[in-house]
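Protein chains in written order, with our numbering: chain G, 1 to 292; chain L, 1001 to 1393. Have a look at the structure below, then the notes.
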Ligand SMILES: Nc1ncnc2c1ncn2[C@@H]1O[C@H](COP(=O)(O)OP(=O)(O)O)[C@@H](O)[C@H]1O
Ligand SMILES: [Mg+2]
């Protein structure tokens, strides 16, 4: 019997194992740290250079702004010389509306998929999952035609609808996992207490808040950053989003680097704020230990 | 307050599992009926069908003569208590208890009053503003009860409400539930897998096995006259000793023979046409552990069995002797009952005896135990049905 003979482990065998775990942890941290630097580097570069004069950007892009090179001309251009307030409002409306719709509809669909035993349940879930793998941009031409015939070109609705469709597959998939974790007896108790199905859904929602926050975060980022659909569906001056507005500084002949970098820096602020709000919800949901 | 009636109720789940088969059951107005059976036998399924949480595959469920098969739980006005309590984790105790009242559009003042009254009844008043996460197991259990009581429903359904509590609290809550049920007079179906709980709580106990109702009787009748082998083995603790045996009959005498032992059967077995109809019939012989006593000069005329003592548990009020007997044990294919009845030991089958605490039995000894009971239980080896002299003679 192998196990019997090796069972009383000699005491010195414990520490190497521990050391290995420590090494493993350091390794993981090193990788994560490197990745963070890689991800943050360009961001820092953008912020740094947005605060410098044009010549300083070209002289040495990697140096911090000094008293000589410090220049807010980019911000001046963005805030006073263009209608960025409108762009920001547009981006904000589109992002928040899409996120809300995606979260709400994916919660509803996930509730049905997780809760009800109906014919084609699995098929429907698979069909929705296909949407995760196939990029919605493949359908751009049809979407454009559709929006034209609906008369929605150059409206924020066009963007909101497309982004809702874009976010739903992953949203439904994630929410279904969370919905499955809500104990069956909790829903039974609500039904016995006299709740109809909408009430049961309403009762379950607070319990899947971490899931909703996760879906919100995953939906929000690509929507806020998207350049493609604003360019195709809503390029008009008064429906432009921040990303599209910023790209205007990348003219064919002249590039206003100061303004571009300033616009990109400003564009980060709301998304970071939204992220903080949602991730707080996420953490609160987790620590509450609501689902037991 | 209402009467529940199940007629031919069956449940087949979409995956093909037949959880409940053809159950007929009437629960009178105000009665506390206990539904007992090993886990997985379909108790929860049956309860969920009564509540309207699960479709009834076949049969009819009636509440007060009204067929409710197609009604939603909401329309049936039945309250249910779940094993894991199923409290709404994000609501305070007050909101948990009041949830059904809010949905039922009970006026605010009246709802508040009823919540207060219920809380007082269950000693929850100080906890009303806490959330379930900040309550102990026993308190959560009481909140779950409160949620049911506050509604004044037509009936209570309780699905193993005490099985998550420790033993002491369980005994206490058991008494509490009985007291509440009596004072409220609400028709109640109480589900448990614990036969002790079933025996102490129910005025009538329904025994369920593999979705089939075995017997519905008062605890005493279940104990004294089990209808079949399963009920015999399931009811009683420690459970009945069961051995493979045979009836040997002449025109004037009859006895049940098991292994090296035999037990004379009552006169009824030999009355009648005297054709010896049961001679050689394969049976299973059942002897309750509490019928066995130490053989003394006073009871030397009683039939006895010879056993070897393997282990003695002194419980203060009694001695439980684990012994082996020279006979073939009878098996029941329900894992929960495996306690003392799986045979297959080379030197005989296990035999449990509840002896007086003053008995002097020592481990390793071979002793004679008298069967201090006028009869033994006999079951047909084939059908496992109880044999009665008046019926099967
Ligand atoms: N939703 C379900 N789908 C399929 N089978 C189920 C479902 N619920 C219970 N069962 C099966 O039905 C049988 C009875 O289950 P249950 O009523 O929960 O038993 P009990 O409450 O007596 O332990 C078990 O075999 C169980 O696996
Ligand atoms: Mg159960």
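Every residue, glycine too, gets a C-beta built ideally from N, C-alpha and C. It should be emphasised that the depicted structure is a prediction, and the values quoted were computed from it without experimental measurement.
Supposed close pair residue i, residue j - CB separation, criterion 8 Å
i	j	result
residue 1309 (chain L)	residue 1352 (chain L)	Between residue 1352 (chain L) and residue 1309 (chain L) the Cβ distance is about 11 Å, and since that is not below 8 Å, they are no contact.
residue 1006 (chain L)	residue 1025 (chain L)	4 Å
residue 172 (chain G)	residue 143 (chain G)	Not really, about 20 Å apart at Cβ, beyond 8 Å.
residue 243 (chain G)	residue 267 (chain G)	7 Å
residue 1266 (chain L)	residue 1375 (chain L)	6 Å
residue 1017 (chain L)	residue 1010 (chain L)	Not a contact, Cβ separation roughly 12 Å.
residue 74 (chain G)	residue 258 (chain G)	3 Å
residue 1371 (chain L)	residue 1287 (chain L)	6 Å
residue 1132 (chain L)	residue 1089 (chain L)	6 Å
residue 205 (chain G)	residue 107 (chain G)	6 Å
Any C-beta of chain G under 7 Å from that of residue i
i	result
residue 1086 (chain L)	yes
residue 1100 (chain L)	yes
residue 1053 (chain L)	yes
residue 1107 (chain L)	no
residue 1075 (chain L)	no
residue 1461 (chain L)	The displayed coordinates of chain L run from 1001 to 1393. Any statement about residue 1461 (chain L) would go beyond what the structure contains.
residue 1145 (chain L)	no
residue 1161 (chain L)	no
residue 1035 (chain L)	no
residue 1002 (chain L)	no
residue 1082 (chain L)	yes
residue 1104 (chain L)	yes
Of the residues the options, the one placed nearest residue i, counting alpha carbons only
i	options	result
residue 217 (chain G)	G:99, G:38 and G:132	G:99
residue 224 (chain G)	G:147, G:56 and G:160	G:160
residue 178 (chain G)	G:55, G:272, G:112 and G:57	G:112
residue 1373 (chain L)	L:1249, L:1305 and L:1009	L:1305
residue 1038 (chain L)	L:1349, L:1194 and L:1021	L:1194
residue 1116 (chain L)	L:1106, L:1107, L:1128 and L:1105	L:1128
residue 1362 (chain L)	L:1388, L:1154 and L:1323	L:1323
residue 1147 (chain L)	L:1178, L:1121 and L:1263	L:1121
residue 1050 (chain L)	L:1158, L:1359 and L:1183	L:1158
residue 1297 (chain L)	L:1043, L:1368, L:1256 and L:1257	L:1368
residue 126 (chain G)	G:137, G:199 and G:176	G:176
residue 83 (chain G)	G:61, G:236 and G:141	G:236
residue 1217 (chain L)	L:1211, L:1257 and L:1198	L:1198
Residue-chain proximity (residue i, chain L), Cβ-Cβ < 7 Å
i	result
residue 71 (chain G)	no
residue 206 (chain G)	yes
residue 68 (chain G)	no
residue 273 (chain G)	no
residue 192 (chain G)	yes
residue 186 (chain G)	yes
residue 214 (chain G)	no
residue 165 (chain G)	no
residue 290 (chain G)	Any reading at residue 290 (chain G) is ruled out, since the residue's pLDDT is 40, under 50, leaving its predicted position unreliable.
residue 189 (chain G)	yes
residue 125 (chain G)	no
residue 195 (chain G)	yes
Neighbourhood of residue i by C-beta distance below 8 Å, restricted to the same chain and skipping five residues each side
i	result
residue 951 (chain L)	Lying before the first or after the last residue shown, residue 951 (chain L) is absent from chain L, which here runs from 1001 to 1393.
residue 1030 (chain L)	1001, 1185, 1186 and 1187
Beta carbon of residue i nearer than 7 Å to that of residue j
i	j	result
residue 1395 (chain L)	residue 1289 (chain L)	Lying outside 1001 to 1393, the shown extent of chain L, residue 1395 (chain L) is not represented and no answer is given.
residue 1086 (chain L)	residue 185 (chain G)	yes
residue 1242 (chain L)	residue 188 (chain G)	no
residue 1381 (chain L)	residue 1227 (chain L)	no
residue 213 (chain G)	residue 281 (chain G)	yes
residue 1082 (chain L)	residue 1229 (chain L)	no
residue 1103 (chain L)	residue 1063 (chain L)	no
residue 1196 (chain L)	residue 1222 (chain L)	no
residue 1022 (chain L)	residue 1040 (chain L)	no
residue 1208 (chain L)	residue 1105 (chain L)	no
residue 1244 (chain L)	residue 1231 (chain L)	no
Cβ-based neighbour list, residue i, same chain, cut-off 6 Å, excluding 5 preceding and 5 following
i	result
residue 1125 (chain L)	1119
residue 101 (chain G)	164
residue 1313 (chain L)	1320
residue 131 (chain G)	169
residue 1259 (chain L)	1326 and 1327
residue 1114 (chain L)	1150
residue 276 (chain G)	none
CB contact below 7 Å: residue i versus chain C
i	result
residue 115 (chain G)	No chain C appears in the structure shown, which is made up of the protein chains G and L.
Cutoff 7 Å; reference residue i; Cβ partners in own chain excluding five residues on either side
i	result
residue 261 (chain G)	46, 49, 50 and 74
residue 87 (chain G)	240, 241, 242 and 245
> So which residues touch the region around ligand 4, with touch meaning a C-beta under 7 Å from any heavy atom?
Replying inline: With respect to small molecules bound, the structure shown includes ligand 1 and ligand 2 and not ligand 4.
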